[in-house]
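Participant: Numbering-wise (UniProt numbering), the sequence shown opens with residue 1 and increments by one. Here it is: the structure, laid out below.
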Amino acid sequence: MNKKNLSISLSLFITAIFFTFCVYFGYVNNKFDYEYFRNRSIYDAKIMTETVSGDTSKLKEIKNIKEVGEVAVENNSAKLSQNVLVVNYTDHGFNKMLEDNMLKEGSFATKDNEITIPKSLAEKENLKIGDKVKVEFGNRLVNGKQIKAVSSVTKDEEFIRKDSKEYVISGLTRNLYNENMKIFYASTVIGKNAKTNSFVRFHNFRKAYSNKDNLEKDLASILNKDKVELEFSEIMKDYYNVDGSLFQQNRQIIVDSLLIFATILIFIFFVKNIFTVWGLRKIREISMYKSIGSTDYQIYKLLLKDGLKTSLLPIVMGHVFGYGGINLLYLGLQRIVEEEEKYKYIEFSPSLSLIVLLICFFIILIAILAPAKKIAKINIIDGVRGNFNDKNIKLKRNKDIWKELKINNLKTTSSQRYISAIGMIIVSIFLIVFSMAKYNRVKNTYTYNTNINILIHSNEAEVPNVLKDIMNTTENDRAFLSTEKYISLSKEQNYSDEFRSLDLDEKIRKYYDNGEDFYLDGIITALDDETFEKIGGKKGEALLLNRVQVNPNAPIDGS
C-alpha cells in the first residue's frame with residue numbers, strides 16, 4: 001500500500017468499522033426487541049370463535065394473513081417413566097410460530113407417532129432424538145377428584161392409567177412450564193375433527209388492527225360462520241403502539257434516520273479534509289487533463305474513480321472487522337447473562353452490509369467534491385509546473401515512516417483522531433441508550449414493583465397461612481397480602497341515590513342498551529389493613545382505582 005494513501009486508508013477503515021457497528025447494532029437491538037415481545041406472545045390475534053382442526057387452512061388466502069395455527073382445546077395428562085407430561089395437540093402452523101422461542105433441536109412432530117419433549121427431560125432420562133418412548137395416558141386425581149393436566153405435581157396425587165402409545169422423539173424443546181411445577185410440555189400432531197383454538201400472524205399488524213371489521217367479515221365468510229371475533233394480542237399492540245399517534249408509531253424510525261443522517265454529515269466533514277490533501281497531491285496529473293480540454297465534471301469523475309480504487313480495500317476490511325467486532329461483543333454479553341451452552345452469532349445480512357458499503361461510498365462521493373472544486377480554481381500552467389502555494393503538499397522526508405506521516409499529514413491525522421473520537425463517543429452513546437431502553441423495557445414488564453409475586457387461584461375465602469408465614473419469616477423491605485375477586489353485575493341494579501342524581505344510570509343504559517343483556521364487570525381487591533391504610537383507606541371503606549381516564553384526578557366525563 002502506498003504510504004501516501006495510508007491516512008486515507010486508516011480513516012476509511014475506521015469509518016467502515018463505525019458504520020458497520022452502528023447499523024448491525026441497531027438491527028440486532030430491534031430484532032431482540034421484537035423477539036422479546038414475540039416470546040411473550042407468539043400470535044398477533046386469536047380467533048375467539050371455536051374451530052375444528054383443518055377449518056383454518058384456507059385463511060391464508062386472505063392477503064394480510066401470514067400464518068395460521070391451531071391447538072386443540074383439550075390437552076391430556078400423561079406420564080413418561082415417572083415424569084408427568086402435559087400432552088398438547090398442535091398443527092404445523094402453530095408449531096411454526098413456536099419454533100423461534102421453543103425448539104432447541106430437531107423438529108416438531110409431523111406424524112401421529114412423533115412427539116416433542118423438553119430437552120431437560122431428555123437429559124434427565126438419557127433420551128435423544130429418534131428414540132422410541134412409551135407414553136401412558138390417564139387422569140391425575142387428588143382426594144378422588146380429577147385435576148387439570150397443567151396443575152402442579154403434589155405428593156398427594158395419584159395417576160390412573162387409561163391407555164398408552166409408543167412415540168418417536170422428533171425434537172427437543174424448552175420446557176414451557178416452571179420447573180417447580182414438576183410437569184413437562186410435550187406436543188404431537190393434532191387429530192382430525194378436534195375442537196381447536198386458532199391463532200393468526202399478520203404481514204402488517206397495524207393494517208390488520210385498523211381494518212379489524214372487514215377482516216372479521218372475511219374470516220366469517222371463509223369459516224362459513226355468521227360472525228367471527230378477533231382478539232388482538234395486548235402484548236403485540238404495545239409493541240406496535242397501535243393506539244398511539246402516527247408520530248409515536250414511527251418515532252424510532254424517525255430518530256434513527258436523523259441520527260444516521262447527522263453522523264454521515266459529521267464523517268463527510270472530516271473525510272473531505274483527507275481527500276483534499278490527497279487531491280492536491282495529484283495536481284500535476286489533473287492539470288495535464290485540464291490542458292487538453294477536460295471539464296470540471298470529467299476531473300471530478302477521474303478523482304472519484306481513483307478515490308474509489310484507493311478506498312475499496314480499507315472499506316471492505318473495515319466492514320469485516322466491524323462485523324467481527326460486534327460478534328465478539330455479542331458473544332461476550334452472552335457469556336455474562338446467558339446460561340446456554342451453545343452461543344449464537346449475529347446473523348450476517350447481505351442487505352445490511354450493502355447499506356453500510358453504500359453509506360461509506362456515499363461519504364467518499366461527497367467528500368471528493370472538496371478537492372475537485374479546489375483544483376478547478378487552479379490555473380492550468382501553474383498546476384502543471386506545480387507553481388502554487390499550498391502548505392498541505394510540501395512534503396518532508398524522514399527515515400521513520402511514522403514521523404514522516406506526522407510531519408506531512410498533520411491535517412489528515414487530525415481528522416483521523418476526530419473520526420476515531422467521534423466514532424467511540426457515538427458508539428458509547430448507542431450502548432448506553434440501548435442498555436437503558438432494555439432495562440426500562442424489562443422493568444416495565446412487571447406490574448408490581450416487587451421481586452417475588454406469589455399467585456394462588458382458590459375458591460376459598462381465607463388467605464392461606466403459608467403466605468403469612470412467608471411474609472413474616474422472609475427478610476424484606478416491604479410485603480403485603482391481597483385477594484382479588486372478579487365480579488359482573490347486570491344492568492338492572494339498585495343504584496345508589498348519588499349515582500341516580502347524576503343520571504349515570506340512564507347514561508349507562510343509553511350507552512349499552514342495544515337490545516341485549518350487558519354486564520358491568522371489574523375486580524375487587526382486598527388488602528391487609530396496614531397496607532390499605534398506606535394508600536389512604538380505612539377499614540370499612542372502599543377505594544376506586546380509576547384505570548379509564550388519562551388523568552385520574554379529573555372529574556368523570558359523563559358525555
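Quick reminder that beta carbons are idealized off the backbone N, C-alpha and C, glycines included.
Between which two residues does the beta strand (DSSP E) containing methionine 102 stretch?
Facilitator: Your numbering for residue 102 matches position 102 in the sequence shown. From DSSP, methionine 102 is part of no beta strand (DSSP E) but of the alpha helix (DSSP H) over 92-102.
Participant: Please list the terminal residues of the continuous beta strand (DSSP E) segment that includes methionine 48.
Facilitator: For the purposes of this step, residue 48 is taken as the residue at position 48 of the sequence shown. 45-52 is the span of the beta strand (DSSP E), which, as asked, contains methionine 48.
Participant: With DSSP collapsed to three states, give me the class of asparagine 139.
Facilitator: By 1-based counting over the sequence shown, the position of residue 139 is 139. Note: asparagine 139 maps to strand in three-state DSSP.
Participant: So the candidates are Ile346, Ile368, Phe362 and Asp529; which of them puts its Cα closest to the Cα of glycine 26?
Facilitator: By one-based count along the sequence shown, residue 26 stands at place 26. Per the Cα distances, Ile346.
Participant: Over the uninterrupted beta strand (DSSP E) stretch that includes tyrosine 185, give me the two end residues.
Facilitator: Residue mapping note: residue 185 aligns to position 185 of the sequence shown, counting from 1. Segment 183-189, the beta strand (DSSP E) holding tyrosine 185.
Participant: My assumption, with CB atoms under 8 Å, is that serine 152 sits in contact with methionine 181. Please give the rounded CB distance.
Facilitator: For the purposes of this step, residue 152 is identified with residue 152 of the sequence shown, where counting begins at 1. For the purposes of this step, residue 181 is identified with residue 181 of the sequence shown, where counting begins at 1. Correct: roughly 4 Å between the Cβ atoms.
Participant: Pick from Val168, Glu475 and Glu530: whose alpha carbon is nearest that of glycine 106?
Facilitator: The sequence position of residue 106 within the sequence shown is 106, counting from 1. Minimum Cα distance to glycine 106 is reached at Val168.
Participant: Inspect the CB distances between the region 62-69 and the region 212-227 and report whether three or more fall short of 8 Å.
Facilitator: They touch, by the three-pair rule.
Participant: Buried or exposed for glycine 307, going by 16 or more other Cβ atoms inside 10 Å?
Facilitator: The count along the sequence shown starts at 1 and reaches residue 307 at position 307. Glycine 307 should be labelled buried.
Participant: Span of the alpha helix (DSSP H) holding proline 350?
Facilitator: The sequence position of residue 350 within the sequence shown is 350, counting from 1. Run containing proline 350: 350-367, per the alpha helix (DSSP H) assignment.
Participant: Count the other C-beta atoms from every protein chain shown that fall within 10 angstroms of the C-beta of proline 350, then say buried if there are 16 or more, exposed otherwise.
Facilitator: What you label residue 350 is simply residue 350 of the sequence shown in a count that begins at 1. By the 10 Å Cβ count, proline 350 comes out exposed.
Participant: So phenylalanine 184 and serine 164 are in contact, right, with Cβ under 8 Å, and what is the actual spacing, rounded?
Facilitator: Stepping through the sequence shown from its first residue, residue 184 is reached at position 184. Stepping through the sequence shown from its first residue, residue 164 is reached at position 164. Actually they do not touch by this definition, with Cβ atoms about 17 Å apart.
Participant: Look at valine 71 and tyrosine 89 and say whether their C-beta atoms are less than 8 Å apart.
Facilitator: Within the sequence shown, numbered from 1, the residue matching residue 71 stands at position 71. Within the sequence shown, numbered from 1, the residue matching residue 89 stands at position 89. Result yes, Cβ atoms of valine 71 and tyrosine 89 sit closer than 8 Å.
Participant: Just the C-alpha distance for histidine 319 and phenylalanine 362, rounded to the nearest angstrom, thanks.
Facilitator: Stepping through the sequence shown from its first residue, residue 319 is reached at position 319. Stepping through the sequence shown from its first residue, residue 362 is reached at position 362. Going from the Cα of histidine 319 to the Cα of phenylalanine 362 covers about 15 Å.
Participant: Starting from threonine 154, follow its DSSP beta bridges and name the residues at the other end.
Facilitator: The count along the sequence shown starts at 1 and reaches residue 154 at position 154. Partner(s): none; threonine 154 has no beta bridge.
Participant: Check whether the Cβ atoms of isoleucine 8 and phenylalanine 321 lie closer than 8 Å to each other.
Facilitator: In the sequence shown, counting from the first residue as 1, residue 8 sits at position 8. In the sequence shown, counting from the first residue as 1, residue 321 sits at position 321. Not closer than 8 Å, so no.
Participant: Residue range of the beta strand (DSSP E) that valine 71 falls in?
Facilitator: Along the sequence shown, one-based indexing puts residue 71 at 71. First-last of the beta strand (DSSP E) with valine 71: 65-72.
Participant: Under three-state DSSP, which class holds isoleucine 523?
Facilitator: Reading the sequence shown from its first residue, position 523 is the one you call residue 523. If DSSP states are grouped into helix, strand and coil, isoleucine 523 belongs with the strands.
Participant: Could you spell out the range, first to last residue, of the beta strand (DSSP E) harbouring serine 77?
Facilitator: Taking the sequence shown and counting its residues from 1, one reaches residue 77 at position 77. Residues 76-80.
Participant: Helix, strand or coil for proline 464 per DSSP?
Facilitator: Translated into positions along the sequence shown, residue 464 becomes position 464. The answer is coil: DSSP assigns proline 464 none of H, G, I, E or B.
Participant: Tell whether a beta-carbon distance below 8 Å holds between serine 77 and arginine 161.
Facilitator: Numbered from its first residue, the sequence shown carries residue 77 at position 77. Numbered from its first residue, the sequence shown carries residue 161 at position 161. In this structure, arginine 161 does not lie closer than 8 Å to serine 77 by Cβ.
Participant: Could you tell me which whole beta strand (DSSP E) segments of length 3 or greater appear in the region 468-507?
Facilitator: Counting whole runs of 3 or more residues, the region 468-507 contains the beta strand (DSSP E) stretches 482-490.
Participant: So asparagine 197 and lysine 46 are supposed to be a Cβ contact under 8 Å. How far apart are they, rounded?
Facilitator: Reading the sequence shown from its first residue, position 197 is the one you call residue 197. Reading the sequence shown from its first residue, position 46 is the one you call residue 46. Their Cβ separation, rounded to whole angstroms, is 7 Å, which keeps asparagine 197 and lysine 46 in contact under 8 Å.
Participant: Exposed or buried, which one is proline 464 when buried takes at least 16 other CB atoms within 10 Å?
Facilitator: As a first step, residue 464 must be located in the sequence shown, where it is residue number 464. Label assigned to proline 464: exposed.
Participant: For asparagine 75 versus serine 120, is the C-beta distance shorter than 8 Å?
Facilitator: Here residue 75 refers to the residue found at position 75 when the sequence shown is read from its first residue. Here residue 120 refers to the residue found at position 120 when the sequence shown is read from its first residue. Going by C-beta atoms, asparagine 75 is not nearer than 8 Å to serine 120.
Participant: Measuring straight from C-alpha to C-alpha, what distance separates tyrosine 240 and glycine 191?
Facilitator: Locating residue 240 in the sequence shown gives position 240, where the first residue counts as 1. Locating residue 191 in the sequence shown gives position 191, where the first residue counts as 1. Between tyrosine 240 and glycine 191, the C-alpha separation is close to 35 Å.
Participant: If you follow the beta strand (DSSP E) that leucine 230 is part of, which residue opens it and which one closes it?
Facilitator: Position 230 of the sequence shown, counted from the first residue, corresponds to residue 230. Segment 230-232, the beta strand (DSSP E) holding leucine 230.
Participant: Between the alpha carbons of alanine 542 and leucine 502, how many angstroms are there, rounded?
Facilitator: As a position in the sequence shown, residue 542 is number 542, starting the count at 1. As a position in the sequence shown, residue 502 is number 502, starting the count at 1. Between alanine 542 and leucine 502, the C-alpha separation is close to 20 Å.
Participant: What is the DSSP secondary structure of lysine 195, reduced to helix, strand or coil?
Facilitator: For the purposes of this step, residue 195 is taken as the residue at position 195 of the sequence shown. Strand, per DSSP.
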